[in-house]
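Visitor: Just dropping this structure here.
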Amino acid sequence: MEIPKSMVAVTAVNFAMLIGTTYLTAQLNLKTDGDSCSTSTSSTN
(Lines of atoms letter the chains of each structure in order from A; the text may use other names.)
(Lines give C-alpha, C1' and ligand atoms only; values in the text may rest on other atoms or scores of the structure.)
Protein backbone atom coordinates (compact mmCIF):
# COMPACT_ATOMS: atom_id res chain seq x y z
CA MET A 52 0.00 0.00 0.00
CA GLU A 53 1.49 3.28 -1.12
CA ILE A 54 1.13 6.50 0.84
CA PRO A 55 0.04 9.56 -1.18
CA LYS A 56 2.67 12.29 -1.45
CA SER A 57 0.19 14.95 -0.37
CA MET A 58 -0.43 13.09 2.86
CA VAL A 59 3.30 12.88 3.52
CA ALA A 60 3.66 16.60 2.86
CA VAL A 61 0.83 17.49 5.24
CA THR A 62 2.29 15.26 7.94
CA ALA A 63 5.73 16.78 7.46
CA VAL A 64 4.35 20.32 7.71
CA ASN A 65 2.36 19.49 10.84
CA PHE A 66 5.40 17.86 12.38
CA ALA A 67 7.57 20.87 11.57
CA MET A 68 5.00 23.25 13.07
CA LEU A 69 4.80 21.12 16.19
CA ILE A 70 8.58 21.20 16.59
CA GLY A 71 8.63 24.95 15.94
CA THR A 72 5.95 25.59 18.54
CA THR A 73 7.73 23.43 21.09
CA TYR A 74 11.00 25.23 20.40
CA LEU A 75 9.43 28.67 20.72
CA THR A 76 7.72 27.68 23.96
CA ALA A 77 11.01 26.42 25.34
CA GLN A 78 12.69 29.71 24.43
CA LEU A 79 9.93 31.69 26.15
CA ASN A 80 10.19 29.50 29.25
CA LEU A 81 13.94 30.09 29.28
CA LYS A 82 13.44 33.87 29.26
CA THR A 83 10.90 33.83 32.08
CA ASP A 84 12.59 31.23 34.29
CA GLY A 85 16.06 32.69 33.98
CA ASP A 86 19.03 30.61 35.09
CA SER A 87 17.04 27.75 36.61
CA CYS A 88 16.40 26.15 33.22
CA SER A 89 19.30 27.37 31.11
CA THR A 90 21.81 24.80 32.37
CA SER A 91 19.59 21.81 31.62
CA THR A 92 18.61 23.10 28.18
CA SER A 93 22.11 24.09 27.06
CA SER A 94 23.32 20.53 27.55
CA THR A 95 20.54 19.29 25.25
CA ASN A 96 21.47 21.70 22.50
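To convert a position in the sequence shown, counted from 1, into the numbering used here, add 51.
For every residue, glycine included, the Cβ atom is placed at its ideal position computed from N, Cα and C.
Here the structure is a predicted model, which means the values were calculated and not measured.
(1) Do you know how far the Cα of VAL59 is from the Cα of MET52?
(2) Report the three-state DSSP secondary structure of MET68 (helix, strand or coil).
(3) In whole angstroms, what separates the C-alpha of ASN80 from that of PHE66?
Guide: Taking the definition as stated:
(1) The residue labelled residue 52 in the question sits at position 1 within the sequence shown. The residue labelled residue 59 in the question sits at position 8 within the sequence shown. Roughly 14 Å between the two C-alpha positions.
(2) If you number the sequence shown from 1, residue 68 lands on position 17. MET68: helix per DSSP, three-state reduction.
(3) Translated into positions along the sequence shown, residue 80 becomes position 29. Translated into positions along the sequence shown, residue 66 becomes position 15. The alpha-carbon atoms of ASN80 and PHE66 are separated by roughly 21 Å.
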